[in-house]
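Some notes on the structure that comes next.
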Amino acid sequence: MDPAELLLILAGSLAVSALARWRGWPAPLLVVAVALGVSFIPGVPSIEIDPEIVLSVILPPLLYSAALDVSFQNFSQSLRQIRRLGIGLVVVTALVVGLVAWWLVPALTLPGALLLGAIVAPPDAVSASSIGRRLGLPRRVMTVLSGESLINDAASLTLFKVFVAIIGGSMLSVGGVLWMFVLAIVVGLAVGLVIGVLVQFVRTRVPDSLVGTTLGLLVPFGAYAAGEALGGSGVLAVVAAGLYVGYNSPKTGYETRLQERPVWASIDLLLEGFVFALIGLQVADVVRAVSGSSLGLARSAALAGAVFVVVLLVRPAYVFATYYRTKGQRNLGRRLGRHLVERMPGIRRLGIVRRGRAHRSEHPQPQFSRRELVVVSWTGMRGVVTLASAAAVPTMAASGEFAGRETITLVAFVVTVGTLLLQGLSLPWIIRRLNVIDSGQEERDGVEEVRIFELSVREANDYIDQHREKWGTKYGLDELDGSIEILKQQYERQATVLLDENELDQQDIDAPGLDTAEAEKPRLSGPQLTSLRRELIDFRRSVVLRQRNAGELDEDVMRSVLRGLDAEELALDTSTVTRNRS
């Protein structure tokens, strides 16, 4: 792909994405559909890209950005279900697809068929998440879908490496495969955490927000490269680094947080559009390549259709079967626990059951209704990893040329485009039809914002009273009292606005309006008042962070509250700069 083609694809996908966003349509689906049509126009050149570029340059920033936005609090609470889908479902899908493909086309060989299964196994939550956010899917459902997409790529790519090695002539035992999985997970997580800790250490100590934001842009590429170089999963390294940095982002400077949010949003828009355009543009070339292969177009297309149906059926079967099996095991465990307590009173004295109940209440697993499970079952759209893996299928096997390469590539593209269009287009209708919409989430978040605002202001007032004498000595008691009275009245007005509207309006923060009596009181000078307000904003942030760490505040609500405090401090700095220039 030359620079002109790259620029044209980026510009075209951006234009289509802009149209989709303007009309309220799912951008990935429209980009794929338009690119698919363009690929069959006579004279359109073949589009080729190194799969390693997709895996090491395009995938890491997309995963890292998604990990930054995921609530680690909700992620950890849903970890059991995320693991079940992100690892278990990938393995099951790869095995079922592989066995079906081998049965239908023995010429693929079992390793080749299993390689195909690994390629089409991981869903991509980009389109599902955009639809879910727009329609208001429950937060617990969005957490599981987002978490699944963060870890399923690692499972799929590890399986891909295993079957590529077998096709190349390596002899791997079951123990060897399990060791590769364990090594990928442990090394990947360790590398990601180390990089995340180091990056966060630097970002909290470097006051330059531009440097902090730029450093954040380098993290996904460095984490992926380091994880792969050390024999682990580069994908898990990126995810671990993103989760750690995202969880600790309140400890960085407010300017860094305000700057990097639109930066990552722009990167997501550009890269997602490019990836989905690439998927559509390559379909015609894949069809032409299969037409001249040993298996032929008709046989390959029949296999693609069969695999597509299998992929659609495996996910709902697995989701429902494992969910109710796990739920039944939990109920059985509770019944056995009660039975043991009744028959063996000593267990109660040991406190084992009580500690187990306390742990469950502290980290409750989210429960899903049947309707929510249906939605989860239908969010199996494939994406960037399937595209990159299909392009990376080897041309040679241990016995010579790998004859099934073109067929595997066609099946992968049919499954990717088919799931994007079929499931992506029907998912909004299913969500509305089943009414899997949490219409009260916004209201509950508003109530929480009111609560945390009032708590932070109440504790800020106590903080003011505790430091009154120290500040009075520093600034002058009369001037301090006059300014503190104004600040407290501003907080009261802000609280009233929140109670009435359930939202924090920046105008109500910056321009509260003072009556004549207040204006005539002695007040601190501009720099002194700015210093005092900044200290109080920092204190209120610490209150919000403490509530999050204690599990009393949802992390998504915390981020919304912090954005309000960041905006307040930005307005404070802006007014200071304006005053200094005048």
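Residue numbering for the sequence shown follows full-length UniProt numbering, starting at 1 and increasing by one per position. Here a beta-carbon is modelled for each residue, glycine too, at the ideal position from N, C-alpha and C.
- By the Cβ test, the segment 300 to 307 is in contact with the segment 413 to 427, since at least three Cβ pairs between them sit closer than 8 Å.
- Per the C-alpha coordinates, the member of N74, A392, L150 positioned closest to V90 is L150.
- By the neighbour-count definition (other C-beta atoms within 10 Å, threshold 16), N549 is an exposed residue.
- The C-beta separation of A388 from L159 comes to about 14 Å, leaving the pair out of contact by the 8 Å criterion.
- Beta-carbon to beta-carbon, A128 and G117 are separated by about 21 Å, too far to satisfy the 8 Å threshold.
- DSSP lists R382 as the bridge partner or partners of P123.
- Cβ-Cβ separation between L434 and V374: approximately 6 Å, consistent with a contact (criterion under 8 Å).
- Here E479 carries a helix assignment [DSSP, helix/strand/coil].
- Around the Cβ of F40, a 10 Å sphere holds fewer than 16 other Cβ atoms; the residue is exposed.
- Between the segment 252 to 262 and the segment 210 to 220, the count of Cβ pairs shorter than 8 Å is three or higher; the stretches touch.
- E401 sits in a strand when the DSSP states are folded into three classes.
- Where M180 is concerned, the enclosing alpha helix (DSSP H) starts and stops at 174 to 203.
- For the pair I537 and I484, the Cα-to-Cα distance works out to about 14 Å.
- Listed in chain order, the non-local C-beta contacts of R534 below 8 Å within the same chain comprise E569, L572, local neighbours out to five positions each way being set aside.
- DSSP, read as helix, strand or coil, puts M558 in helix.
- Judged by DSSP secondary structure, L36 falls within the alpha helix (DSSP H) whose first and last residues are 27 to 39.
- The secondary-structure analysis by DSSP pairs M396 across a beta bridge with E401.
- In the structure shown, D2 adopts coil according to DSSP, grouped into three states.
- Taking A225 as the centre and dropping the five residues before and after it, the same chain places the C-beta of S56, G234 closer than 8 Å to its C-beta, in chain order.
- The residues Y244, V245, N248, K251, T252, in chain order, have a CB closer than 8 Å to that of Q200 in the same chain once the five nearest residues on each side in sequence are set aside.
- Judged by DSSP secondary structure, T252 falls outside any alpha helix (DSSP H); it is assigned neither H nor E.
- L108 is the residue among W22, L108, G380 whose C-alpha sits nearest the C-alpha of I167.
- The C-beta distance from G227 to G196 rounds to 12 Å, too long to meet the 8 Å contact threshold.
- Note that the C-beta distance between A113 and G136 is not below 8 Å.
- Cβ neighbours of L68 within its own chain (closer than 7 Å, five residues either side excluded): G242, V245, G246, W264.
- The DSSP-derived three-state label of M171 is coil.
- G192 and L29 have their C-alpha atoms roughly 32 Å apart.
- Here V177 is near V162, since their CB atoms are less than 8 Å apart.
- Taking L427 as the centre and dropping the five residues before and after it, the same chain places the C-beta of A128, I131, W378, T379 closer than 7 Å to its C-beta, in chain order.
- The residues V290, S293, E406, T407, L410, V411, in chain order, have a CB closer than 8 Å to that of S300 in the same chain once the five nearest residues on each side in sequence are set aside.
- Counting only residues of its own chain and dropping the five nearest sequence neighbours on each side, G404 has a CB closer than 6 Å to the CB of L108, G112.
- Around the beta-carbon of S65, 16 or more other beta-carbon atoms lie within 10 Å, marking it buried.
- F160 sits in a helix when the DSSP states are folded into three classes.
- Annotation: the continuous alpha helix (DSSP H) that includes N461 extends over 441 to 466.
- I58 sits buried, since 16 or more C-beta atoms from the chains shown fall within 10 Å of its C-beta.
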